[in-house]
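There are 2 protein chains.
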Amino acid sequence: MSTAHPRLSINQATIKHADLATALQVTADAGVQSIGLWREPVNEVGLDLAARMLTDSGLRFSSHCRGGFFTLPEGPERVAALDDNRRAIVETATLAAAAAPGSAAVLVLVAGGLPEGSRDLIGARERVRDALGALAPFAQEHGVTLAVEPLHPMYASDRAVVSTLGQALDLASAFDPAVVGAVVDTFHIWWDPQVLEQIARAGREGRIASYQVCDWKTPLAEDVLLSRHYPGDGVIDFASLTRAVVEAGYAGDIEVELFNADIWAAPYADVAARTVSSFAESVAPHL
Amino acid sequence: MSTAHPRLSINQATIKHADLATALQVTADAGVQSIGLWREPVNEVGLDLAARMLTDSGLRFSSHCRGGFFTLPEGPERVAALDDNRRAIVETATLAAAAAPGSAAVLVLVAGGLPEGSRDLIGARERVRDALGALAPFAQEHGVTLAVEPLHPMYASDRAVVSTLGQALDLASAFDPAVVGAVVDTFHIWWDPQVLEQIARAGREGRIASYQVCDWKTPLAEDVLLSRHYPGDGVIDFASLTRAVVEAGYAGDIEVELFNADIWAAPYADVAARTVSSFAESVAPHL
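First to last, the protein sequences are chains A and B.
Note that numbering that gives the first Met the number 0 has the first sequence beginning at 0, numbered continuously upward.
Note that numbering that gives the first Met the number 0 has the second sequence beginning at 0, numbered continuously upward.
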């Protein structure tokens with residue numbers, strides 16, 4: 000039997016090319032108790048079958064990735080995006096109910112970047128708030144927490160206009176904490192001079208919906224989206240961040256989510272084993 | 000005669016491969032009234048000659064780039080870095096005195112990244128504050144403003160542990176605003192949800208020592224340091240940022256500083272002309 004930390008969850012993106020059946024098997028085989036899923040592999044098999052497979056795996060479900068992309072102006076594309084988010088909410092609720100006890104009905108939201116040709120960052124952020132307002136009642140009905148993920152500011156123009164934990168908490172503040180929370184992802188926020196106080200605030204406000212860990216190092220990958228590393232391979236101080244999250248009261252699963260071409264090219268079992276060992280070395284001692 | 004805006008300054012990094020004589024000539028020939036210099040080309044000819052050349056050019060001097068790299072731990076390397084900053088302060092004072100009226104004795108400071116092997120971001124930031132304390136009296140004697148430049152968070156690990164304008168202002172707050180100020184550079188801070196309020200604060204606190212403009216667009220260059228573009232070529236809203244800087248009371252020169260391999264490879268006169276026209280189109284209307 001493996002020595003995987005009981006709170007470790009492998010986010011499926013870490014083994015991006017694995018289908019759902021493979022991802023569940025690799026995760027369980029590594030002795031990991033929890034998994035974060037992505038919509039595409041779930042929808043490849045269909046929600047009902049995915050839910051049964053998750054039940055059969057015995058794993059917990061730590062998050063569903065991902066909804067969002069809320070920055071489009073009014074029009075049919077925005078309507079379609081919100082409808083798609085409603086489907087993601089239903090998926091999240093279904094999967095969380097099907098998975099082992101202790102699962103989290105958390106839908107991770109990536110805000111979206113500036114619409115093509117736009118320079119109106121403030122307007123884009125207002126549309127994110129509006130979209131949360133449009134989806135919150137539906138999420139509440141389904142018992143799902145919408146987890147706004149601040150992304151590193153280098154993604155502000157093309158991926159997420161929400162760039163800091165403080166900003167995510169400001170956006171969430173109009174809503175019930177059970178319905179709108181935030182993701183604390185070390186890669187995205189480690190640099191923030193306010194990170195420790197904002198993690199504490201997130202705890203006080205009951206908004207930490209997910210804690211994700213991976214490392215930062217330079218030079219960045221040519222595609223900066225793929226610059227995420229195993230905990231311990233870079234410069235992030237997992238001690239102070241993890242302690243802050245613990246002190247903020249977060250007691251859920253902790254995902255390792257790695258976007259990295261080299262990791263994606265490695266055998267799944269090797270990746271799972273490295274995920275387990277890097278978590279054990281760099282994160283677990285601070286829990 | 001050119002139609003260059005009277006407040007436009009070309010930062011020498013925009014024509015990186017030009018020596019000092021060439022940079023002064025290209026700038027003056029483009030009808031630009033002001034230049035920001037870099038230490039290396041100044042020291043190539045020696046400070047005294049550089050000062051005479053600057054006087055002869057008739058240009059104003061808008062900043063000296065750059066000092067800083069303050070995050071080293073105690074030891075001979077740190078002592079050497081502080082000594083080098085004192086030389087940069089003397090250079091700044093000398094050049095500002097030699098240049099046309101309206102020049103600024105402003106030394107731009109880049110904080111430095113994490114020391115090799117370190118994960119102690121908070122400690123590195125404390126050493127920046129200590130270095131400012133060590134240099135401030137010397138800067139004051141020489142009538143030089145130390146301008147802390149927050150750099151984009153994607154440079155936090157390897158270049159500058161100061162990542163937001165708010166953080167730069169917090170660092171500066173222990174010092175006389177004539178001695179320690181901050182650089183407002185659109186490229187580095189455009190994404191910050193607090194950017195407008197922090198620019199206003201910088202104005203209230205008398206800390207805007209320099210305003211630098213260049214644009215952001217994705218995908219980023221493979222070397223992310225070289226991702227800077229002419230104003231108008233990317234997604235930054237120069238209207239709101241420039242108006243905020245004007246309303247904050249900044250009345251000095253405005254530098255265009257471009258790190259970009261394509262721009263560096265172009266003929267200097269073409270680069271100067273594009274700098275003039277892009278400034279006229281994207282920045283000047285908001286002054």
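Backbone N, C-alpha and C fix where the C-beta goes; we use that ideal spot for every residue, glycine too.
Source: prediction; values computed, not measured.
Taking residue i as part of the beta strand (DSSP E), name the residues at either end of that continuous run.
| i | result |
| --- | --- |
| B/E254 | 253 to 255 |
| A/R65 | 59 to 67 |
| A/T294 | Here chain A covers residues 0 to 286 and nothing more, so residue 294 of chain A does not appear. |
| B/L23 | Not the beta strand (DSSP E): B/L23 falls in the alpha helix (DSSP H), residues 19 to 28. |
| A/L108 | 105 to 109 |
Which residue marks the beginning of the alpha helix (DSSP H) containing residue i, and which one marks its end?
| i | result |
| --- | --- |
| A/V41 | 38 to 44 |
| B/T88 | Here residue 88 of chain B is Ile; the residue named in the question, Thr, does not match the sequence. 75 to 97 is the span of the alpha helix (DSSP H), which, as asked, contains B/I88. |
| B/I121 | 120 to 140 |
| B/S8 | Element bounds for B/S8: not the alpha helix (DSSP H) but the beta strand (DSSP E), 7 to 10. |
| B/S281 | 267 to 281 |
Could one say the Cβ of residue i lies closer than 8 Å to chain A's Cβ atoms, at least one of them?
| i | result |
| --- | --- |
| B/R118 | yes |
| B/A283 | no |
| B/T163 | yes |
| B/L286 | no |
Is residue i close to chain B? Criterion is C-beta to C-beta, closer than 8 Å.
| i | result |
| --- | --- |
| A/P155 | For the record, residue 155 of chain A in the displayed sequence is Ala; it is not Pro. It does: the Cβ of A/A155 has a partner Cβ on chain B nearer than 8 Å. |
| A/S8 | no |
| A/I235 | yes |
| A/W190 | yes |
| A/V298 | Since the first residue shown for chain A is 0 and the last is 286, residue 298 of chain A is missing from the structure and cannot be characterised. |
| A/L71 | no |
| A/T217 | yes |
| A/Q166 | yes |
| A/A279 | no |
> Enumerated in chain order, which unbroken segments of the alpha helix (DSSP H) with a length of 4 residues or greater are wholly contained in the region 226 to 261 of chain A?
Replying inline: For the region 226 to 261 of chain A, whole alpha helix (DSSP H) runs of length 4 or above, ordered along the chain, are 237 to 246.
>> Give the list of continuous beta strand (DSSP E) stretches no shorter than 3 residues that lie fully inside the region 156 to 218 of chain B.
In response: List check, beta strand (DSSP E) in window: 179 to 184, 207 to 212.
>> To be precise: take each residue of the region 121 to 151 of chain A, compare its Cβ to all Cβ atoms of chain B, and keep it if any distance is under 9 Å. Which residues remain?
In response: So the close ones are I121, R124, H151.
>> Any C-beta of chain B within less than 8 Å: which residues of the region 92 to 115 of chain A qualify?
In response: Residues are counted here when their Cβ sits less than 8 Å from a Cβ of chain B; for the region 92 to 115 of chain A these are L113, given in chain order.
> Counting pairs of beta carbons, one from the region 267 to 280 of chain A and one from the region 23 to 30 of chain B, are three or more of them closer than 8 Å?
Replying inline: In short, these stretches do not touch, since the Cβ pair count stays below three.
> Would you call the region 150 to 162 of chain A and the region 132 to 139 of chain A in contact, with 3 or more CB pairs under 8 Å?
Replying inline: When C-beta atoms of the region 150 to 162 of chain A are compared with those of the region 132 to 139 of chain A, fewer than three pairs fall below 8 Å, so the two segments do not count as touching.
>> Taking contact to mean 3 or more Cβ pairs, one atom from each stretch, closer than 8 Å, check whether the region 74 to 86 of chain A and the region 179 to 198 of chain B are in contact.
In response: When Cβ pairs closer than 8 Å are counted between the two stretches, the region 74 to 86 of chain A is seen not to touch the region 179 to 198 of chain B, the count staying below three.
> Is it true that the region 237 to 245 of chain A meets the region 196 to 216 of chain A, where meeting means three or more beta-carbon pairs spaced less than 8 Å apart?
Replying inline: Yes, they touch.
> Does the region 214 to 222 of chain B touch the region 163 to 178 of chain B, meaning 3 or more C-beta pairs lie closer than 8 Å?
Replying inline: With the cut-off at 8 Å, the region 163 to 178 of chain B and the region 214 to 222 of chain B do not touch.
> Are the region 11 to 20 of chain B and the region 38 to 55 of chain A touching by the rule of at least three beta carbon pairs closer than 8 Å?
Replying inline: In this structure the region 11 to 20 of chain B does not touch the region 38 to 55 of chain A; the number of beta carbon pairs closer than 8 Å is below three.
> Is the region 204 to 212 of chain A close to the region 250 to 260 of chain A, with three or more CB pairs under 8 Å?
Replying inline: Yes, they touch.
> Is the number of C-beta pairs between the region 62 to 73 of chain A and the region 110 to 124 of chain A that are closer than 8 Å three or more?
Replying inline: Three or more beta-carbon pairs separated by less than 8 Å link the region 62 to 73 of chain A to the region 110 to 124 of chain A, which places the two stretches in contact.
> Counting Cβ pairs closer than 8 Å, one from the region 91 to 107 of chain A and one from the region 54 to 67 of chain A, do we hit at least three?
Replying inline: Output reads yes: the region 54 to 67 of chain A touches the region 91 to 107 of chain A.
> Does the region 50 to 57 of chain B touch the region 74 to 81 of chain B, meaning 3 or more C-beta pairs lie closer than 8 Å?
Replying inline: With the cut-off at 8 Å, the region 74 to 81 of chain B and the region 50 to 57 of chain B do not touch.
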